[in-house]
Amino acid sequence: MSNPALDAWPEGVARHVLDRVDSTNAEAMRLAPGLSGPAWIMARQQTAGRGRRGRAWTDPPGNFAASLILRPQGGPADAARLSFVAALAVHDALRALCGPQLNLALKWPNDVLLNGGKLSGILLESMGSGGTIQALVIGIGVNLAAAPEAVEPGAVRPVSLQGETGLSVTPDDFLTALAVSFDGWSRQMRDFGFAPIRAAWLARAARIGETITARTGTAEATGRFEGIDETGALILTGPRGRQAIPAADIYFTGV
């Protein structure tokens, strides 16, 4: 039986599959000047993968590592909201391939959780100047086959799809499902704005109504997670009242 998630690659989107590269985000940046449209770059092995805030990203064999390079419409704030599109795309691609029984949730701003553990991370990087983004790279890593052992104190434990469920998905199949899902959600945002993306993300969000901690490089705030606002900022209610936090690392209590 065919799987609709694998039936059609999005029209006008290029695909590059590499055996080995330092970083798919870095490769996407190198390719950006010569691309006429959006393109996915997937690598079977990364030698210098990276996550948010310069952290290393480990890619055991069989895991998924890819980046989408595109020229987004609008300014930096519009481009940043594509991280929510990417998280929804990862979530829904997994459901399309593995079924609705997967216990998935989204952790602000763009991690995907499985059974409460971190399955996927997303990193956005851009090229541009003067408030104009010439190219945006959305890097996505998914622990399809194995989870890394190292984790920083207080962070959500890493998990893998195969380790948690016994299900096996190849990077190639996941790339197709992800590209299809991303195309659908990005069209939603293009046609209807951020509101439907925000609603869909909130419907899949982890720990709404619970106490969490948001940390930046210089500050920390703990409070009740109320959701996200119309810009995508985290809404936290704590001792200082209601705060909108545009960027931070999130830590759950009791993890």
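Residue numbering for the sequence shown follows this note's numbering, starting at 229 and increasing by one per position. Glycine is no exception: its CB is placed at the ideal position from the N, C-alpha and C atoms. Computed from a predicted model, the values in this text were never measured in an experiment.
Burial state of residue i (16 or more Cβ within 10 Å)
i	result
residue 348	buried
residue 231	exposed
residue 458	exposed
residue 418	exposed
residue 274	buried
residue 253	buried
residue 327	exposed
residue 367	buried
residue 389	buried
residue 386	buried
DSSP state of residue i mapped onto helix, strand, coil
i	result
residue 386	strand
residue 392	helix
residue 419	helix
residue 336	coil
residue 429	helix
residue 481	coil
residue 252	helix
residue 468	coil
residue 237	coil
residue 451	strand
residue 462	strand
residue 397	coil
residue 409	helix
residue 298	strand
Inter-residue spacing [alpha-carbon to alpha-carbon] between residue i and residue j
i	j	result
residue 306	residue 343	31 Å
residue 268	residue 353	14 Å
residue 276	residue 251	5 Å
residue 467	residue 339	27 Å
residue 446	residue 416	36 Å
residue 245	residue 256	12 Å
residue 480	residue 436	11 Å
residue 465	residue 451	5 Å
residue 469	residue 449	11 Å
residue 433	residue 239	30 Å
residue 474	residue 316	19 Å
residue 242	residue 453	38 Å
residue 355	residue 311	16 Å
residue 318	residue 248	22 Å
Residue i: CB within 8 Å of a non-hydrogen atom of the ligand PLP
i	result
residue 393	Among the components of this structure there are no ligands whatsoever, and the ligand PLP is therefore not found.
Can you confirm whether the segment 405-419 touches the segment 436-445 when touching is taken to mean that 3 or more C-beta pairs between the two stretches lie within less than 8 Å? Contact fails: fewer than three Cβ-Cβ distances are below 8 Å.
Kindly confirm or deny that the segment 298-314 and the segment 352-370 touch, where touching means at least three C-beta pairs closer than 8 Å. Yes, the segment 298-314 is in contact with the segment 352-370.
Are there three or more Cβ pairs, one per stretch, closer than 8 Å when the segment 413-431 is compared with the segment 448-464? The segment 413-431, when compared against the segment 448-464, does touch it at the 8 Å Cβ threshold.
Would the segment 251-268 and the segment 291-298 be scored as touching if the rule is three or more Cβ pairs under 8 Å? The answer is yes - the segment 291-298 touches the segment 251-268, with three or more Cβ pairs under 8 Å.
Tell me the start and end of each unbroken beta strand (DSSP E) in the segment 341-377 that is at least 3 residues and wholly inside, in chain order. Counting only runs of at least 3 residues, the segment 341-377 fully encloses the following beta strand (DSSP E) elements, listed from N- to C-terminal order: 345-357, 360-370.
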